[in-house]
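So for the sequence shown, our numbering puts the first residue at 23; every next one is plus one. Ideal Cβ placement from N, Cα and C applies to all residues, glycine included.
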Amino acid sequence: MGRRQQGAVGAIVAVAGLAGFGAGERPAGADAIAVVTPIFDASHPSRIPGQRCDACHTFDPGLSHPVDIVPALEVPTQFPLTAGRMTCITCHDDRDDRHGQLRATTPALCAACHTGAGRSAADVHARQLGSAHLSAGRERWGGVLATDALDAETTACLGCHDDLLARGVPHEPIGRRQRARGHDSHPVATPYRRTGAPDPYDGLRHPDLVDPRIRLFDGNLGCGSCHSVYAGEPGLLVMRNERSRLCTSCHDL
């Protein structure tokens, strides 16, 4: 039986399997199964160039490794290119029994291409961060934690950006403003919402009004709130700060 026939049968079985349930007895997720199955089959008819992972899988391009690009680095043969371009299946296996799994474990996966030989900013960040998809963090806006709580992404950043390895760009890890070499850094690991205050968002915009590109980590600010190694903007900012646009996304001035 061909793959298209198998896909069609799979879709029929998924829907026909619901027939044994009476009114009000449909299993949880039944509607999703009936809808997603034919979409999945249409997206994966064969291992051919052009199949779209984003038919089912959503991701923010500003928080993810770019795809549909001609890589500037040498890519090992175990990471296949599609017509010379990097796609999702360059890093993710697409075989039936391994669909979506990484072709190698991290950080070895990143280091396969990002060898560090060129020491470019992109190369260094890729090896240090070891993640092609950063956490969206949007669901974490409501949390409140201690001000000394560092998220994993910020910890990775501070591994270099401590004004020793990456000079001139220090950050204070426990939320106090510091002055180092005349640099007044924005605090990290500090709650966006001030607990116990009459107005917990005094001087700040309500989270519902903040640009979704600005992320919080369990309610705390982190390096990833303003920066993304995949943003493509100067300073790796999540958006250009022309006329203080990034600053005023949070600060209600």
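- Between G84 and R235 a beta carbon distance of about 6 Å is seen, short of the 8 Å cut, so the two are scored as contacting.
- Note that the C-beta distance between A211 and L243 is below 9 Å.
- Counting along the chain, no alpha helix (DSSP H) covers L85, and no H or E run does either.
- In chain order, A154, H155, L156 and Y252 place their CB closer than 8 Å to the CB of S86, counting only its own chain and leaving out the 5 sequence neighbours on each side.
- One alpha carbon belongs to C182, the other to C135, and they sit about 21 Å apart.
- DSSP places I236 outside any alpha helix (DSSP H), giving it a letter other than H or E.
- By the Cβ neighbour-count rule, P213 is buried, with 16 or more other Cβ atoms within 10 Å of its own.
- Of the other Cβ atoms in all chains shown, fewer than 16 fall within 10 Å of the Cβ of C269; this residue is therefore exposed.
- According to DSSP, H114 shares a beta bridge with L124.
- The Cβ-Cβ distance between C245 and E175 falls below 9 Å.
- Taking the CA atoms as reference points, R107 sits about 35 Å from S271.
- Check the Cα spacing between A130 and each of C113, D119 and R117: the tightest is with C113.
- Take the alpha-carbon of A126 and the one of L259: they are about 29 Å apart.
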